[in-house]
Amino acid sequence: MTSGMKRRDFLTLMGMSGAAATMSCGDATSYEETWKPWVRPHDGMIPYVPQYYATSSREAGDGGMWIKVVDGRAIKAEGNPNHPINSGGLNARSQSVLQGLYGSGRIKAPRLKGGKEISWFEARNLLKSKLDAAKGKHVHALTDVMAGANLEVWSSFVGLMGEGRVTQYQAFNHAPLVMAGERVFGQAKVPMFHIADTDLIVGFGAQFLESWGPVEKLSREFGNAVAPENGLRAKFVQIEPKRTGTGANADQWLAVIPGSETAIALALLGEVSAHSANLTSDEKSLVSQITKGWTLDRASELSGIKREKLQQLADELSHAKSAVVLPGEDLVLGHDALKNHVAVLLLNKAVGAIGPRVDYAGGKSIEYVPSHEGIAKLLTDMSARKVEVLITKDVNPAYSLPADCDFPKVLTQVGFSVAFADTENETTALADLVIPVTHDLESWGEFGGYEGIRNLQQPVMTTRFEAPQAEDVLMALCNEYAPDTFAETNFRDYLKRRWLERFDQAGVGEAMWTECLKNGGLFAAPELSTDIAISANLAADSNVDYHPYRAGALSLVINESLRFGDGKTANRGWMQELPDAMTGVVWGSWLEISETTAKANTVETGDVVDVRAGNVSVELPVFISSTIRDGVVAMATGQGHTHYGDVYHRGANAFALITQDLTEGGQFAAGPMAVSLNKSGKPREKVVTTHVPGLGDRISQPLTGQVEGVPISGEPGSRDRDVYQSMSLNDYQHGGGDHGHGHHSGPSAESLFPVHVDTDFYPDRSDTKVFKDREETFYDDYKWEMSVDLNRCNGCGACVTACYAENNLPVMGKDQVGKGREMAWVRVNRYVQFHRDGDEIRSEVAFMPMMCQQCGNAPCESVCPSLATYHNREGLNAMVYNRCVGTRYCANNCTYKVRRFNWFDPEFDGDMNWALNPSVSARKRGVMEKCTFCSHRIRDAKDVARDEGRKVRDGEVKTACQQACPANAIEFGNAMDEQAIVTHKSHEAHAYRSLDDHIHTKPAISYLKKITLSNKAHS
Amino acid sequence: MKEINFNYKDINRDILRTLEKPGLTYLLLVAFVVAGVIFGGYCWGLQLVKGMGVAGLNHPVGWGVYITDFVFWVGIGHAGTLISAILFLFRARWRNAIFRSAEAMTIFAVMTAGLFPVIHVGRAWVAWWLIPYPNQRELWVNFRSPLLWDVFAVSTYFSVSVLFFSLGLMPDVALIRDKAKGLRRQIYRFIGLGWSGSTEQWRHYMAGYGFLAALATPLVLSVHSVVSWDFAVSIVPGWHSTIFAPYFVAGAVFSGMAMVVTILIPFRKIFSIEKYLTPWHFDNMGKLIVLTSTIVSYAYVTEYFIAYYGDDPFEQFIFWERTFGHYAIPFWLMIFCNCIIPIPLWFTKVRRHLPTFFVLSLFINVGMWFERFNIIVSSLAQDYDPFAWGWYIPTWVEMGITLGSFCWFFMWFLLFIKYFPAMAITEMKEISDPPMKGHVDHQMEVA
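Order-wise, the sequence lines are chains L and V.
According to the numbering used here, the first sequence holds residues -10 to 1008 in order.
According to the numbering used here, the second sequence holds residues 13 to 459 in order.
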């Protein structure tokens, strides 16, 4: 410790007694508080045996996480298996919390504006003196959304200090949806959507598989809906101008003119409600007034979609047994958001979805959905010099507020601004005083949200730097100004008391607290959701004067990025290097544009253009895509930072284009906006830095070597590459497919490798006797196999990030990825097929997770001169890193191109080397590496099984990708076990092994073909 | 025109004159190539310290210029043994003037080629793990891997070539030894292995030489066949082809002969030995070049035919892309240099017009380098999974090492011609008129 004062002393000075500062309970903070090597392990800890802490963080949204901790260091974030939202899955962005913890941007010491570091003592004195001066006046707090005890502490502090407010701010919120719920049903809530048991999902643009709502739950349920069960699957129609990663999974994409979504919703509502059995006659007349004048013809004219298609959609909605309609994205809808959501809720009412599928009983109440009205009011106060002291925490308004709010200037009107922050960002750079506080994984707290889900946050390790928790500081300050404000001297104790007071109805006390810590919170099933009548207060004339946005020559839509959200995660290599699902762009922003529109504007992929909307503009490179409507350009949020460290300053900030006008729904107005493009004259930028030439610069061209208009995949033996395969629902229902032999007959040579058994040059290993005159065959107890359901996979990339975290994969950076040197062991292949129907683009998008196939007849094994890779007796294509000389012959010969070579020694940002998984060997330069089905996890499970004198059970080993997958697309298990799920899956009629029919590699991964709805559904 | 028009008595003088104290041009040349070698060494050092990433290689193109260079240099190493061994067995008299330099070229080319497997592996410091020998680590090598076959093929070829070369050198070294003084004499005495030129020694020598020639002959065919199997045994579309072994051998002879021509034409000029190296020799080499060029061209056509006839979509795609895709330039360069450029050599006049021949041979060298580049890179760049495609562009480090390899090769050659007779004195004497006798009309063994 260099400074004379430590975190604990800081708290002491803040008025706490020193003795109480030492927290004591069975949790992680009871460790020694300085980092030192483990000479002697703590009680109950076994070195190298991981411990899991259930907690949550802001990245996790409403979900919960398990943090894997080895020897006192958090090494991986996993989905909380007991959490109603996660059920074990965790999206990529949430997983990146580790890089937030260990990243290079963490603040190490208190400092003044301009960067001068000061001691904790000075910081304390400065803060205290400013607060003393402002006492009784306006001390405001600006925080992320908070709940329960956290909010109580902040409110108490701000209340004690004078007349300030606690303003909660989130760049993205569902305020318009809450308002719509209030209007339509008198329910000021975000409903919980249940989409598992639907037969028709109609989306108006919500990116519910990426960032909208509880994505893990919706992904899982979406997977259940579209995976064929009993020969049936749901249809998904997405209505959006730019095909998002969510829309990519749609069976039908209606590429509408931006701004016409609401017109379509109203027209559909008019059609559906007329014959709906779910509406009373009063409700029907109300709805007919609301939709008056909004006919399909008008919607067709506004949206550019043929009337027949809209009519067909209306009919499908009317006839569907269990349809659900999802609203649009507020960012895309802008001023229309509230109207759209009202229409969508009514549409859900008309199709009978309110209750079973649109669940208000389990919804998220308005108190957790801060609209932008709060911060707008705060900004007004600040401008009027009515704020003496502003304390910010976990927010970055300097980045995410509309540019015309001019937050930096407004902040100068504040007497004194203090940022409680764990990581540098644009806002901390402006603060007069920055006080480092604990990261989410080092803090106590709680998160509220959906009814019945209370997330508890607990520290999983000792703090990386000397830093107090913000709430501890506030409590100390409160107790100093007004002794006995809090009975407790630290936030943990306060949280515990309040938690028990509120939730411990049975009076269990300590045991309940421990149980909640163990579970990561309190999860209780909400009340049964029922149908709700339309509120009598719903204005019937609300759409009379409604004029949708009229698209000019060029309209911009802004999409929320799956990887960056409001920009918080842009300082994380995992997120920067996770390719965008639709374009493959990494480490940068791009302006998506259709080929026709690009030609009209004489721009090409890579041209840097100036996108001007009104009097603001951003500069970013163009990317020509086939998944966007003509006349529309799109960009994503989250890039364009200025205070994240040079390496993370990539692309352009979309928030700069949003205006500070508040919409009817209480948000800063985004929505489609008329823009103009001007070439900036800067040198052409390499946009697509994934090495995907077919999809990068030529995304519009067919990838499979076929002519346009032919489906992505055909039957084996055709001119197709067959890496990816799909089949029509019709064929599936009639038992089509070429792997339908021997259902569930248990694995044998014949069933595992049905086609080639007689013609095999290499004898089938599953029957090979390894020792003469002995019974043992090549595969005895185990042959590990994986099954990937292409119906469930939605391309979100959670598996990719999970693999980075689990297997110590280095982040390579833009230049290296641009050269095709990313180290991802699993990638999500994306195939786009598109054709034009008049002026309308129709496209098919397919995602396919591709990792080492652990071939039974592996091309890589035979060519390795040093035997560094070989087939082991459990069916794994094992890889001995230390034996590798680095000829790269294996990678050349790999049919699936999944082997990764260490071009350089790995480098880790910040302290990310602390998060290395000790179970996986580190690799140095010159060594080949690849997926081995998380062989260390298999080893762990086998150790446990051996100790218990049994074989590994099905489901006992989960690979990292499988575990993270929110959609449950991946199954893993032992193919020698005929009861194993993976064995059943590989014998499904629609199972296939990629490229096996061509080159006979006998992959251990069986893919379940995507079941497409018949072509009829597309036309 | 008489093909052998030198006198027995001039041979010693004329040829040993090449070993005299070098002039400034020679020294400058040596300085240049040594500088090139040092630069290449620097590039390799950079790669060793930083990692393979300084090269342009990527996923999916794991092999690039280094393997191209390897195959190229192994190919160059073919002409020497072909000339010295096979043509010896066929008693082609025109070989006598050129076989020594061609053989030296072989050895230096294989020495150059041998560097590249080590340069191209990710961990050069453990490259010796590819050698099978009993060790306490209980590690063994994979005899199924074509790369291991390479280790044996190339090292065997190298050892036999060196043996053959030093054996042939013995009588000439003895000659130098007899004229040398001091330390030089000691060194040449050692290399000469006590050659005295007795009839007994000549008898053994001739038997041994013939025996080694017979031993080396199959190696000429085997080494490049094995190198070709690096590709043919894999399953990469565009590599996986049964035609590769003969195709590569023909290509190797083609490029090797071209390199001999490239080196000898300036060589005879600089050392004023036009008398000994006449257009007759180049005419014969030109015929071999025409033959091998035709074989190579035929192989190109066959590859395309098989791609068409085999009906494998992956193979068809790769051959289409090779011709019209991203790597079309190397392809057409290859076609131009290897199929079109040698056409004039069908004409005797062109073969005997050395400046023209020299220029043509340069093109052939370039074309053969690009042939290997084309095969290696374009196949890897676009194989089975379209999502995993990627382009490869060599970096300055790779080109620096390539440059260094050329300098390395020429450095050895330049040193060689100053320390050993670049033409076999004894064998030149064999075909010249015997001393003290009148002119004997030698049959022109042109065929």
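All C-beta atoms, glycine included, are put in the ideal place defined by N, C-alpha and C.
Inspect the CB distances between the region 137 to 156 of chain L and the region 482 to 493 of chain L and report whether three or more fall short of 8 Å.
By the C-beta criterion, the region 137 to 156 of chain L is judged to be in contact with the region 482 to 493 of chain L, since at least 3 inter-stretch pairs fall below 8 Å.
Quick one: residues in its chain with C-beta nearer than 7 Å to the C-beta of L/N329, no 5 flanking neighbours on either side, listed in chain order?
F193, E250, T251, A254, P316, G317, L322
Would you say L/M868 reaches chain V, if we count a Cβ-Cβ gap shorter than 8 Å as a contact?
no
Proximal residues, the region 872 to 891 of chain L versus chain V, C-beta separation under 9 Å
Those residues of the region 872 to 891 of chain L placed with their C-beta closer than 9 Å to a C-beta in chain V are R872, C873, V874, G875, T876, R877, Y878, C879, A880, N881, N882, C883, T884, Y885, K886, V887, R888, R889, F890, N891, ordered along the chain.
Examine the Cβ distances between the region 921 to 931 of chain L and the region 777 to 790 of chain L and report whether three or more of them are shorter than 8 Å.
no
The alpha helix (DSSP H) that contains V/S237, what's its start and end?
211 to 244
How far does the alpha helix (DSSP H) with L/Q951 in it reach, from first residue to last?
Following the DSSP letters along the chain, one finds L/Q951 inside the alpha helix (DSSP H) bounded by residues 949 to 953.
Taking the beta carbon of V/F155 as the centre, do at least 16 other beta carbons fall within 10 Å, making it buried, or is it exposed?
exposed
Taking only the alpha-carbon atoms, compute the straight-line gap between L/C853 and L/A930 and give it to the nearest angstrom.
29 Å
Taking beta-carbon pairs under 7 Å, can you tell me which members of the region 400 to 416 of chain V lie near chain L?
So the close ones are A400, W401, G402, W403.
Flag V/P72 as yes if its beta-carbon sits less than 8 Å from any beta-carbon of chain L, otherwise no.
yes
For L/M150 and chain V, any beta-carbon pair shorter than 8 Å?
no
Flag L/R810 as yes if its beta-carbon sits less than 8 Å from any beta-carbon of chain V, otherwise no.
yes
Partner residues on chain L for V/I247, Cβ-Cβ distance less than 7 Å:
By Cβ distance, chain L contributes P848, N882, T884, I988.
For L/S550 and L/Q301, I'd like the C-alpha separation in whole angstroms.
The straight-line gap from Cα to Cα measures roughly 31 Å.
Starting from L/A408, follow the beta strand (DSSP E) in both directions and report where the run begins and ends.
405 to 410
Look at V/N19 and V/S444 and say whether their C-beta atoms are less than 8 Å apart.
yes
Relative to the alpha-carbon of V/G126, which residue among V/I203, V/A228, V/F260, V/L159 has its alpha-carbon at the smallest distance?
V/L159
Between V/Q455 and chain L, is the shortest Cβ-Cβ distance under 8 Å, so that the two count as touching?
Confidence at V/Q455 is low in this model, with a pLDDT of 47, below 50, so its placement is unreliable and no value can be given for it.
Please compile the residues from chain L whose C-beta is within a distance smaller than 7 Å of the C-beta of V/A225.
What V/A225 touches in chain L: nothing, since even the nearest Cβ is about 31 Å away.
Between V/N154 and chain L, is the shortest Cβ-Cβ distance under 8 Å, so that the two count as touching?
yes
Would V/L427 pass as an interface residue toward chain L - the criterion being a Cβ-Cβ separation below 8 Å?
It does not: the Cβ of V/L427 has no partner Cβ on chain L nearer than 8 Å.
Mind checking which residues open and close the beta strand (DSSP E) that includes L/M181?
Unbroken beta strand (DSSP E) run through L/M181: 178 to 182.
Please report the residue range of the beta strand (DSSP E) in which L/N548 lies.
544 to 548
Would L/Q446 pass as a contact of L/E435 if the rule is Cβ separation under 8 Å?
yes
Return helix, strand or coil for L/M812, following the three-state DSSP convention.
coil
Interface residues of the region 890 to 917 of chain L facing chain V [CB-CB below 9 Å]
Across the region 890 to 917 of chain L, CB contacts with chain V closer than 9 Å involve F890, N891, W892, F893, D894, K913, R914, G915, V916, M917, in sequence order along the chain.
By DSSP, does L/L567 sit in helix, in strand, or in coil?
coil
Going along the chain, which residues of its own chain have a beta-carbon closer than 7 Å to the beta-carbon of L/D985, five neighbours each way excluded?
K991, P992
Kindly indicate which residue of V/E212, V/A340, V/S167, V/Y431 has the alpha-carbon position closest to the one of V/S390.
V/A340
Using a 10 Å radius around the Cβ and a threshold of 16 neighbouring Cβ atoms, would you call L/H1044 buried or exposed?
Residue 1044 of chain L cannot be examined here, being either before or after the span of chain L that is shown, -10 to 1008.
Coarse secondary structure for L/D778, derived from DSSP in three states
strand
Proximal residues to L/R914 (C-beta, below 6 Å), its chain only, five neighbours per side dropped
Beyond the five residues adjoining it in sequence on each side, L/R914 comes within less than 6 Å, by CB distance, of N891, F893, D894 in the same chain, given in chain order.
Could you check which residue in V/V42, V/S240, V/Y259, V/W358 has the C-alpha nearest to that of V/D295?
Per the Cα distances, V/W358.
Once the 5 residues before and after L/M126 are set aside, which same chain residues still bring their CB inside 6 Å of it?
This sequence places Lys at residue 126 of chain L; Met is not what is there. Excluding sequence neighbours, L/K126 sits near G151, E377.
Rounded to the nearest angstrom, what separates L/S1035 and L/I970 at their Cα positions?
Past the edges of chain L, shown from -10 to 1008, lies residue 1035 of chain L, and the structure says nothing about it.
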